[in-house]
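Numbering (the numbering used here), first residue to last: 503 to 989. Each residue gets a CB set at the ideal place from its N, CA and C atoms; glycine is no exception. Remember, predicted model here, so these are calculated numbers, not experimental data. What follows is a single structure, written as structure tokens, with notes after it.
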Ligand code: 5AD
Ligand code: SF4
């Protein structure tokens, strides 16, 4: 029997008690599965290619641990693997096409390696399903995001039964416990998922269809992961979710502020960040948290999407430009240097030149020091996609021009922002080796700015005070002293 059969049969609207029982049941099944896997593992080498957001990266990290527990080996070297998994993103069409192209090329390896397996996980596996098998003949399996914990068993079954084209039916809930033992050991920064899915209906976004309804992770499960990460030496926690500021514990009345306070109380944790909040649910309590909680870093990712109230309304974002300005003003009153980054979509259907100019004006006014600027990409199953023509489709050339224009403003704003650190000492949490040559390390200051410095690997996961001697639009660099060494 496939272990994931146990994930079926739950009503789509369970009572809290049913949901709790299901979660417990799933944990037991998971432990049994892990033990069985460890005993009868096929010992294959697995490569995971990750596309898209930090949630996907965290899922990949968790899956690697689950696979190792099940007796698989993880490889990072393409060509070395027996099994390849593509952890896909569906937010924009380009990301899907990239993953499809990659899967097609990888499948060719089957001609010479009969035992080679290719699987698709992540968002595309949720909404493309059978279409993936049609487009990619030879594909072995697909597993949507909520089936993360079932993947080791799925690979084993695929080998044991010599079956391909296996789709795991999507469990009703994500089993959050699969993250608990998979924190980033000995890493400076741990990304901790606090929720999955999204209940909003932003007109352009496919996420509610691929990741499903918002499911909040139990408070204690989050804290357990935070404390375990702290025990392994982690200094910084990034709380992850689609709309983190709507978080509430499924078992109590605790909310996102309570969670921030609880993480603040974990002594070994020195820095806290979160990604992403929704401006519409940004309470004054949350703004004040930046003042009250000393570990909450003054760096906020605030996805505004547009600076035009008309477009925000069409996007169903439930806030106006005034709300964005209020959040930014409050944060900068608390810390005048606060770093504020954003996501913006250009070329949304019907976006006029005046609408775009409002976004430009807001961008210049706020001076975002980092921004992800996206060209609108029509997505199936979204509210706006079928109406794109009637709402005035924006030509690709116009989207590209608007994108480039905002990018040029971003370069000015981020360079200007980074210049304020010139000559100043910054406390840097060192995260790892930089790809800049020998003895080069990278880390972040509290404002989430990347700092490049020179030092031994033993400095990774420690704090150092570094004097900044050079800045670019994207990084700060340590000042090099006369004798050729560094401070
Ligand atoms: N087209 C372009 N960008 C999109 N995003 C979400 N959906 C789309 C789309 N259809 C962007 C939003 C979101 C980020 C994760 O991706 O800016 O904040
Ligand atoms: Fe998508 Fe909107 Fe949910 Fe963000 S809040 S995931 S943009 S639907």
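Local conformation of residue i per DSSP, three classes
| i | result |
| --- | --- |
| residue 702 | coil |
| residue 614 | coil |
| residue 604 | helix |
| residue 583 | coil |
| residue 807 | strand |
| residue 778 | coil |
| residue 831 | helix |
| residue 751 | coil |
| residue 541 | Note on residue 541: pLDDT 41, under 50, position unreliable in the model; no value is reported. |
| residue 736 | coil |
| residue 921 | helix |
| residue 861 | helix |
| residue 994 | This structure leaves residue 994 out entirely; the chain is present only between 503 and 989. |
| residue 816 | helix |
| residue 949 | coil |
| residue 907 | helix |
| residue 784 | coil |
| residue 533 | With a pLDDT of 41 at residue 533, under the threshold of 50, the modelled position of that residue is not reliable, and no figure is offered here. |
| residue 983 | coil |
| residue 914 | helix |
| residue 552 | strand |
| residue 891 | coil |
| residue 717 | strand |
| residue 577 | coil |
| residue 725 | helix |
| residue 675 | coil |
Candidates the options: closest to residue i by CA position
| i | options | result |
| --- | --- | --- |
| residue 904 | 704, 960 and 858 | 858 |
| residue 851 | 840, 862 and 877 | 877 |
| residue 781 | 746, 943 and 875 | 746 |
| residue 766 | 790, 789, 795 and 744 | 795 |
| residue 907 | 873, 890 and 940 | 873 |
| residue 764 | 779, 727, 777 and 861 | 727 |
| residue 893 | 807, 817 and 725 | 817 |
| residue 619 | 662, 864 and 758 | 662 |
| residue 804 | 943, 897 and 779 | 779 |
| residue 572 | 657, 955 and 855 | 657 |
| residue 610 | 627, 640, 784 and 631 | 640 |
| residue 707 | 910, 649, 843 and 594 | 594 |
| residue 881 | 566, 564 and 709 | 709 |
| residue 971 | 981, 950 and 856 | 981 |
| residue 500 | 947, 678, 600 and 601 | With the chain covering only 503 through 989, there is no way to say anything about residue 500. |
| residue 717 | 948, 738, 969 and 752 | 752 |
| residue 965 | 938, 983, 940 and 927 | 927 |
| residue 581 | 562, 614, 558 and 561 | 614 |
| residue 758 | 731, 720 and 879 | 720 |
| residue 760 | 787, 732 and 636 | 787 |
Cβ-Cβ separation, residue j to residue i (assumed contact under 8 Å), whole Å
| i | j | result |
| --- | --- | --- |
| residue 715 | residue 699 | 5 Å |
| residue 629 | residue 711 | 6 Å |
| residue 729 | residue 670 | Between residue 670 and residue 729 the Cβ distance is about 31 Å, and since that is not below 8 Å, they are no contact. |
| residue 952 | residue 978 | 7 Å |
| residue 551 | residue 584 | With 8 Å as the limit, residue 551 and residue 584 do not qualify as a contact, their Cβ atoms being about 15 Å apart. |
| residue 647 | residue 569 | Actually they are not in contact, since the Cβ atoms of residue 647 and residue 569 sit about 16 Å apart, beyond 8 Å. |
| residue 884 | residue 975 | At roughly 33 Å, the Cβ-Cβ gap does not stay under 8 Å, so residue 884 and residue 975 are not in contact. |
| residue 830 | residue 868 | 5 Å |
The beta strand (DSSP E) enclosing residue i, as first and last residue numbers
| i | result |
| --- | --- |
| residue 877 | 872 to 877 |
| residue 966 | 965 to 973 |
| residue 657 | Unbroken run through residue 657 is the alpha helix (DSSP H), 653 to 663; no beta strand (DSSP E). |
| residue 956 | 952 to 956 |
| residue 643 | 643 to 645 |
| residue 745 | Neither: residue 745 is in no beta strand (DSSP E) and is coded neither H nor E. |
Boundaries (first-last residue) of the alpha helix (DSSP H) holding residue i
| i | result |
| --- | --- |
| residue 629 | 625 to 629 |
| residue 979 | Element bounds for residue 979: not the alpha helix (DSSP H) but the beta strand (DSSP E), 977 to 980. |
| residue 679 | 679 to 682 |
| residue 695 | No alpha helix (DSSP H) contains residue 695, which is instead part of the beta strand (DSSP E) from 691 to 695. |
| residue 632 | 632 to 637 |
| residue 711 | 709 to 712 |
| residue 932 | First-last for residue 932: 927 to 935, but that is the beta strand (DSSP E), not the alpha helix (DSSP H). |
| residue 761 | 758 to 766 |
Residue i and residue j closer than 8 Å at C-beta
| i | j | result |
| --- | --- | --- |
| residue 597 | residue 553 | yes |
| residue 713 | residue 625 | yes |
| residue 845 | residue 800 | no |
| residue 959 | residue 945 | no |
| residue 622 | residue 576 | no |
| residue 870 | residue 809 | no |
| residue 968 | residue 920 | no |
| residue 1075 | residue 740 | Since the first residue of the chain shown is 503 and the last is 989, residue 1075 is not available in this structure. |
Any non-hydrogen atom of the ligand NAD closer than 7 Å to residue i Cβ
| i | result |
| --- | --- |
| residue 680 | As for the ligand NAD, it is missing from this structure, which binds only the ligand 5AD and the ligand SF4. |
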